[in-house]
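Chains Y and Z supply the protein sequences, listed in that same order.
Taking this note's numbering, the leading residue of the first sequence gets 3, the next gets one more, and so forth.
Taking this note's numbering, the leading residue of the second sequence gets 3, the next gets one more, and so forth.
One structure is given below, encoded as structure tokens.
Protein chains: 2
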Amino acid sequence: MSDLLDRLRERGWRLTAQRRVVAEVLNGDHVHYTADEVHAHASARLPEIARATVYNTLSELVAIGEVIEVSTDGRAKRYDPNVRHSHQHLVCSRCGTIRDVHPQGDPLSALPEGERYGFTVSDATVTYRGVCPNCAS
Amino acid sequence: MSDLLDRLRERGWRLTAQRRVVAEVLNGDHVHYTADEVHAHASARLPEIARATVYNTLSELVAIGEVIEVSTDGRAKRYDPNVRHSHQHLVCSRCGTIRDVHPQGDPLSALPEGERYGFTVSDATVTYRGVCPNCAS
DNA sequence: TCCTACATTGGACTTTGTCTAAGTCAAGAT
DNA sequence: ATCTTGACTTAGACAAAGTCCAATGTAGGA
Chain Y
3 MSDLLDRLRE RGWRLTAQRR VVAEVLNGDH VHYTADEVHA HASARLPEIA
53 RATVYNTLSE LVAIGEVIEV STDGRAKRYD PNVRHSHQHL VCSRCGTIRD
103 VHPQGDPLSA LPEGERYGFT VSDATVTYRG VCPNCAS
Chain Z
3 MSDLLDRLRE RGWRLTAQRR VVAEVLNGDH VHYTADEVHA HASARLPEIA
53 RATVYNTLSE LVAIGEVIEV STDGRAKRYD PNVRHSHQHL VCSRCGTIRD
103 VHPQGDPLSA LPEGERYGFT VSDATVTYRG VCPNCAS
């Protein structure tokens, strides 16, 4: 957990209480929070943290690659601190919960040259959808 | 194009001028419009069509499987009438334009049973990201 | 033609996110 | 240890995308 704080300090970040709390929330329970959920959890520790600060900090974490933005449903984006191992997401179409999954092979290689239309393709994200055991009952 | 209208009639849809226009816009140029863009094009033909009606009609078309909702960037959803051939999307990370692509193999089969956590997985969508030739210059 | 259930309308409302001006503070310099 | 300064935070206004509702209109069957 303090790994992240160390990495941030190395990058010359000013370590404020607010940033510390946001980083701690993300690295705590390993779930995929929305920005508002991050804000709620952060407020529990630092009551007067502003919404804008949470958004700012999350954007910066995404920009430097410490966190991944996941938008599965066109609603609120979710933030995923699990950037060490490349992975994809499995989403429940009823309740929206997300699990990290590790499919076999590299999805990028499934796109033939003739289907790239001159794009420089750099990334492929896969979203699996289904119904979780909880919602199935 | 009137294929779609026929299919809708068969499903017992009341064929109103508004629904006709929305269906025609989607089946016209083969691009991926946002709801607002659909509304703009529909208004050109039927000036007083309401935003809510466009949203309603799009939701219904999605619900019956005639149109696919694509949310690539957490901003406005886009609507894709190309449901005949299964396909995936290639998105330019600069300008946001979308192309339909046809990768090889079935992405669903890349997810081993041990990575499904009891979910009933029914669908896999792949989003390729890159820079289009236009933005590369 | 008339009826009625279904569709449309417009506007208020919600959710998610961005922006800004003014105040605050972390960390290097003295 | 204190000062200074530019980066950070704040509150609230704003914006974009989408939903909801009560009142009104109308497609299609009787």
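Glycine is no exception: its CB is placed at the ideal position from the N, C-alpha and C atoms.
Check	Outcome
Start-end ranges of the alpha helix (DSSP H) lying completely within the stretch 41–76 of chain Z, minimum 4 residues	53–65
D125 (chain Z) to N58 (chain Z) span [Cα, whole Å]	24 Å
Neighbouring residues, chain Z, relative to D75 (chain Y) (Cβ below 8 Å)	S73
Per DSSP, the bridge partner or partners of H197 (chain Z)	Here chain Z comprises residues numbered 3 to 139, so residue 197 (chain Z) is not present and cannot be evaluated.
CA nearest to the CA of G98 (chain Z), picked from Z:A65, Z:V85, Z:G132, Z:V69	Z:G132
Reference T123 (chain Y); option with closest CA among Z:T18, Z:S45, Z:A112, Z:R101	Note on identity: in this sequence residue 123 (chain Y) is Val, with Thr being the wrong assignment. The shortest Cα separation from V123 (chain Y) among Z:T18, Z:S45, Z:A112, Z:R101 belongs to Z:R101.
Residues in the stretch 40–60 of chain Z having any Cβ partner in chain Y nearer than 7 Å	none
CA-to-CA distance, A42 (chain Z) to V85 (chain Y), given in whole angstroms	40 Å
Contact with chain Y by R101 (chain Z), beta-carbon distance below 9 Å	yes
6 Å Cβ shell around V33 (chain Z) - same chain, five flanking residues per side excluded	none
Short-range partners of chain Z found in the stretch 118–139 of chain Y, where Cβ spacing is below 8 Å	R118, Y119, G120, F121, T122, V123, S124, D125, A126, T127, V128, T129, Y130, R131, G132, V133, C134, P135, A138
Whole-number beta carbon distance between V56 (chain Y) and Q90 (chain Y), since they are thought to touch under 8 Å	In fact, because the Cβ distance is near 26 Å, the residues do not count as touching under 8 Å.
Rounded straight-line distance, which links the Cα of E26 (chain Z) to that of M3 (chain Z)	Its pLDDT being 48, under 50, M3 (chain Z) is placed unreliably by the model, and the measurement read from it follows with that caveat. Roughly 7 Å separates the two Cα atoms.
Under the three-state DSSP convention, the category M3 (chain Z) falls into	With a pLDDT of only 48 at M3 (chain Z), under 50, the local geometry of the prediction cannot be trusted, and the value read off the model is given with reservation. Coil, per DSSP.
is_contact[L63 (chain Z), chain Y] using C-beta, thresh 9 Å	no
Sub-9 Å separation of Y81 (chain Y) and V93 (chain Y) beta-carbons	no
Unbroken alpha helix (DSSP H) run spanning R21 (chain Y), endpoints	19–29
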